[in-house]
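Everything in the sequence shown is counted per the numbering used here, starting at -9 for the first residue and increasing by one.
First comes the structure, then the notes that go with it.
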Amino acid sequence: MPDFATTDLTLAIAHHLLIFSLAGILAFEVGVIRLGMTREDFVRLARVDAWYGILAGAIIVVGFSRAIFAAKGWAYYSVNMFFWAKMAAFGAVGLLSIAPTMRIIRWRRALAGDAAFAPAPADIVKVRRFLWAEAAAFALIPAFAAAMARGYGSMAQ
-9 MPDFATTDLT
1 LAIAHHLLIF
11 SLAGILAFEV
21 GVIRLGMTRE
31 DFVRLARVDA
41 WYGILAGAII
51 VVGFSRAIFA
61 AKGWAYYSVN
71 MFFWAKMAAF
81 GAVGLLSIAP
91 TMRIIRWRRA
101 LAGDAAFAPA
111 PADIVKVRRF
121 LWAEAAAFAL
131 IPAFAAAMAR
141 GYGSMAQ
């Protein structure tokens, strides 16, 4: 059975790799979703967007495992306002990702029925706005995490 320090380290590494992977997918989507997307772009986009959801779920599992089972424990995190701000920012990213995902699914279905399909320019603009809003909310997460890791934000009396 691995020791406590190894578990803590393993969860921290997994958490960081998952977060950076999610950021990479968000950057990919911002770069790919544009006027003049090719059929290959749509296929890749649909695949990558599915991974976005999978990674987000894994981040929740690993993140809460860290909060409960890792070095600082739930007693530290549960009373830290930056932990809750980080959770709120992550929740906002998740909510903002729904509209682009639904649009990507619609586009993929439309393309399956019509090889010449291209989304309306207004749709592209709307999705890009959501993606940039996601990126802005996402940028708050490491700021809150850094503050929390340095002991700021405790609401304990």
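C-beta: ideal position from N, C-alpha, C; glycine also.
Being a predicted model, the structure only gives us computed values, none of them experimental.
{"Check": "I'd like to know whether the C-beta atoms of Val22 and Leu1 end up nearer to each other than 8 angstroms.", "Outcome": "no"}
{"Check": "Pro90 and Phe120 - do their beta-carbons sit closer together than 8 angstroms?", "Outcome": "yes"}
{"Check": "Going straight from the alpha carbon of Tyr66 to that of Trp122, what length do you get?", "Outcome": "32 angstroms"}
{"Check": "Per the contact definition of three or more C-beta pairs closer than 8 angstroms, is the stretch 7 to 15 in contact with the stretch 35 to 50?", "Outcome": "yes"}
{"Check": "Quick check: the stretch 127 to 142 against the stretch 68 to 80, are at least 3 beta-carbon pairs closer than 8 angstroms?", "Outcome": "yes"}
{"Check": "Excluding the 5 residues preceding and the 5 following Ala82 in the sequence, name in chain order all residues of the same chain whose CB lies nearer than 7 angstroms to its CB.", "Outcome": "Ala127"}
{"Check": "May I ask you to report which of helix, strand or coil DSSP gives Ser68?", "Outcome": "coil"}
{"Check": "Between which two residues does the alpha helix (DSSP H) holding Phe18 run?", "Outcome": "-6 to 22"}
{"Check": "Using alpha carbons as the reference points, say which of Val51, Ala79, Lys62 lies closest to Arg140.", "Outcome": "Lys62"}
{"Check": "Suppose contacts are defined by Cβ-Cβ distances below 8 angstroms. Is Arg148 in contact with Ile114 by that definition?", "Outcome": "Residue 148 is absent from the structure shown; the chain starts at -9 and stops at 147."}
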